[in-house]
Each structure stands twice: as C-alpha cells, then as structure tokens.
Amino acid sequence: MTKITLVAFDGTRFDVDAENGSTVMENAIRNSVPGIEAECGGACACATCHVYVDEKWAEAVGAPEAMEEDMLDFAFDVRPTSRLSCQIKVRDELDGLVVHVPERQA
Amino acid sequence: MSTPIETDVVIIGAGPVGLFAVFELGLYDLKCHLIDILDRPGGQCAELYPEKPIYDIPAWPEISGQALTDKLLEQIAPFSPEFHFNRMVTGFRKLDNGRFEVETDEGELFHAHAVVIAAGGGSFQPKRPPVPGIEAYEGKSVFYSVRRMEEFRDKDLLIVGGGDSALDWTLNLQPVAKSVTLVHRRAEFRAAPDSVKKMFAMRDEGKIRFEVGQVTGLKGEDGQLEGATIKGPDGEVEVACNRMLPFFGLTMKLGPIADWGLNQHENLIAVDTEKFETSIPGVFAIGDINWYPGKLKLILSGFHEAALMTQAVKRLAHPGEKMVFQYTTSSTSLQKKLGVQ
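Protein chains in written order, with the working numbering: chain A, 194 to 299; chain B, 932 to 1272.
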C-alpha cells in the first residue's frame, strides 16, 4: 500500500492507503473526496477529476501526455501542476503524494 | 407550430440504450422516433469515447463505442426508426386522448402513446468557461455557437478555445468580422493541424491576433461586451471586443426534463423495476438516466430495461391484446419483421 493525501478545496485532508496500479481518481471516489466528479469514469474524456499536484511532487508525478493535455483545455483554472487524477497511477515512488482539489470542476 | 408527427413511441436520446429500445419495441410493431441533441447517433459512446474499447458487452470481448453504435444501427435498421438530431426536447404534456405531446426547440411536435427517456447523463450542452459574471452577457454578446455568420459582421470578435470549433470559426469568421482575437491556454491545439497552420499564417499576415492565456474578466454594461482581460504567461492584457465565442466542449445536463414533474433521485429519474416507468404513467426512463435500488450504470442494464419497458408500452399502445412472448430464433412472425424470413 502507498500512502497518498488528497486535500479538498476547504482544506480537509484525506489520507488514503492506495493500491499500486490504481489511479488517484479511483481512490478519491472510493473515499468520497468532495470535488472529484469523474463523470466519464476514468476514460480521460471529461476533465472532471482535475487536481493540482503539490509543487513538491510535481516532478515525481511527471507531465501529462498529449491526450490528457488536450483534455485539460476543458478544465477549470488550469495551473502548471494541473493533472487529471484518472491518469495518475499510484506506485511506490509516489508514497506520500499530495494533491489538491480545485475550487470546482468544469 | 408544425403538424404533429403521429407515432407510437418517442425516444429521447439516441445512445446505445435508446437505439436498442427501437429493436425491442419494433418486435411488437411499435414505431419509434428518436430525438437527440447531438448531430449523430451513439450518445456518449460516439461523443466521448468513439475509439475506446468497451469490455463488458455480452458476446463482445472488446468493442469500441463507435462500433457498438454501428452494430446497433444495423440491428434496428429493419424497423426504420426516424431520427431527429440537433434538437432538444423542450415541451411535454399529456393530451386529452391519453397520448403525449413532445415538443422540440425547433418547434416540431410529436404525438405518441409513450415517451421513453433514454437520455444517459443528460443532454450535451456547451460548457460555460470559468469567467466571473459571464452569465450576464450570454445570448447578448457571448454565444456558444454560430447560427448565422452575419451576426458577427463588422464585430470585434474574441474566440476562446483550442479545438476544431474554435479554429474553424476563427478561419471562417475572419473575413466577416472587423477583428478576430483567438485565445487559448497554450500554443498547442487539439484542432486539425491544417487549420492550425492556416490560423498561424493569418496571424503572421496580421489578419488575426492570437494570445496564449485564459480569459479572467469581462467588462461592458447591460450584457454588451466591451473588452476582456486575458491572463497569460507574461501577465495580463486587455482585448477590446464586442462579441465572444467560447468553445470549451460539452457537458451533460438533465435540461428541461427536470421540470416535467417526474420524481427524481439525485438528478436521476426514479423508476420501478418491473416496467421502468416514471412517476408519470406512460413515461419511461431507461439507461444511465434512471435510478432504482441496486441500479448499475452499465449499457447491458439499459438493454435489459429496454426489453421490460417494451412489455409495458405494448400493453399501453394496444390494450386488451393478448401478449404472446416469442423468441427471435424460432418465431416466424418476428423473423418476418426482421426481414430474415
């Protein structure tokens, strides 16, 4: 298990034991983290699971691929560390990962 | 008002479940008209993930959203369903003769024994960009689609987005408008590479302006846009404009159906599990749009719901007639309808 933390827009922290190979979005939904909608169910087709990766973790998580970058055009208030949480797979190197949920999804 | 189209069943939504409902209803000689806000059949399968494989359609280990749509269209072809695309259902009422009237935003009227709502996540509608106060300008100087190009003649136009709609309208409206400014979050585009090339060529010739950034503010009185603030990597710039066209993709909303007075459960339509009928008898809801205890949003659940709904609609359309349940494998009358006899 890998520990990840999702911080809701109101500051509430959700510390989650995540299975390697699962996506950050799946863990958010499973733990009812407010503000993650995931309308399309993880198909990288809707931009409603948008998160900001914490600055300290941006490099480890990496940059989005072209398709995700395209989908981010539809997201609300996109910033340099913006990612779609359905495209971030949990792995050992991400133990301790922190992501922040934006004010709202598009 | 046009002359009403008389039919047996009106299906709202031409996604996989709406399409399969045509098959089930067709086996009982019930003629269907389908209304969809998109410009083609397939719903989310065609709009959101045409190329993505689906793995849980029985007997199809793997099938794409588009292929599933194509197969369903092939399967229902014998029943000659009639499609009405690019339309939103706006009006709904029960007629004195017990039938229903459904109206679209194009003014067409449909009269039917039953209404089947197979609208999935709701109707696809343009997404509103996250600009404070934009609502005040909508329909006056901010538009989400171009109905007539003439409306933009001699205007200072701000187009926002990086997909085909944004690029196509930049290219097409440039000769008509007084000025065109295109704004996109980044210098890469989802749009067809050829359009992007043409757009950059126009910019280099000084015919249009292109800004990298996001629109953060609008100004102007009484819904009449006068300018926009664009926040880019090098800070904020002001662009003078009196028309704005944002193209931020589509989102799904229940839309006017929410006002029909149907019992709802968290924006979904509550139904029973025998007939998948709503709180208004004669109005059914199948697929992702409905809710009942244990509901799973799967295409295969929608198919099952379509079959059971059909039994109820048949009784409604032809009351008193004996129901004979038949299999397509052995019934000659069903096979005749399918055109295989």
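C-beta: ideal position from N, C-alpha, C; glycine also.
One thing to note: Ala1237 (chain B) has its Cβ within 7 Å of the Cβ of Glu955 (chain B).
Distance check between Tyr1223 (chain B) and each of B:Val1244, B:Arg1174 and B:Leu1199 places B:Leu1199 closest, using alpha-carbon atoms only.
Within the model, the alpha-carbon separation for Asn1017 (chain B) versus Ala238 (chain A) is close to 21 Å. CA-to-CA, the gap between Ser1210 (chain B) and Met1254 (chain B) works out to about 24 Å. Residues of the segment 971-989 of chain B whose Cβ lies closer than 7 Å to any Cβ of chain A, in chain order: Leu979, Tyr980 and Lys983. Of all alpha-carbon atoms in B:Lys1267, B:Gln1266, B:Thr1263 and B:Leu1231, the one lying nearest the alpha-carbon of Leu999 (chain B) is that of B:Leu1231. In this structure, Lys1162 (chain B) keeps its C-beta atom at 7 Å or more from the C-beta atom of Thr1182 (chain B). Exclusion of the five residues before and after Gly1158 (chain B) leaves Leu1149, Lys1150, Gly1151, Glu1169, Val1170, Ala1171 and Cys1172 as the residues of its chain whose Cβ lies within less than 8 Å of its Cβ. Contact between Ile936 (chain B) and Phe1041 (chain B) holds: their C-beta atoms lie close to 5 Å from each other, under 8 Å.
For Glu1013 (chain B), the enclosing beta strand (DSSP E) stretches over residues Glu1013 to His1015. In this structure, DSSP gives Gln1006 (chain B) a helical state, which the three-state scheme calls helix.
Taking all protein chains in view, the Cβ of Gln1145 (chain B) is crowded by 16 or more other Cβ atoms within 10 Å, so the residue is classified as buried. Rounded to whole angstroms, the separation of the alpha carbons of Ser1264 (chain B) and Pro1177 (chain B) is 53 Å.
Residue pairing by DSSP places Val1046 (chain B) opposite B:Val941 and B:Val1214 in a beta bridge. Secondary structure note for Val1020 (chain B): its beta strand (DSSP E) is the uninterrupted segment Val1020 to Lys1025. Interface with chain A (7 Å Cβ-Cβ cutoff): Phe1178 (chain B) is excluded. Short of 8 Å from the beta carbon of Arg284 (chain A), and not among the five residues preceding or following it, lie these beta carbons of its own chain, in chain order: Thr195, Asn213 and Gly214. For the pair Leu1026 (chain B) and Asp939 (chain B), the Cα-to-Cα distance works out to about 14 Å. Residue pairing of Arg1084 (chain B) in beta bridges, as defined by DSSP: absent, with no partner found. Judged by DSSP in its simplified three-state form, Ala211 (chain A) adopts strand. Selection A:Glu219, A:Met260 and A:Glu230 evaluated against Ala211 (chain A) yields A:Glu219 as nearest (Cα-Cα). For the pair Glu262 (chain A) and Arg272 (chain A), the Cα-to-Cα distance works out to about 12 Å. Phe1141 (chain B) places its beta carbon less than 7 Å from that of Leu1113 (chain B).
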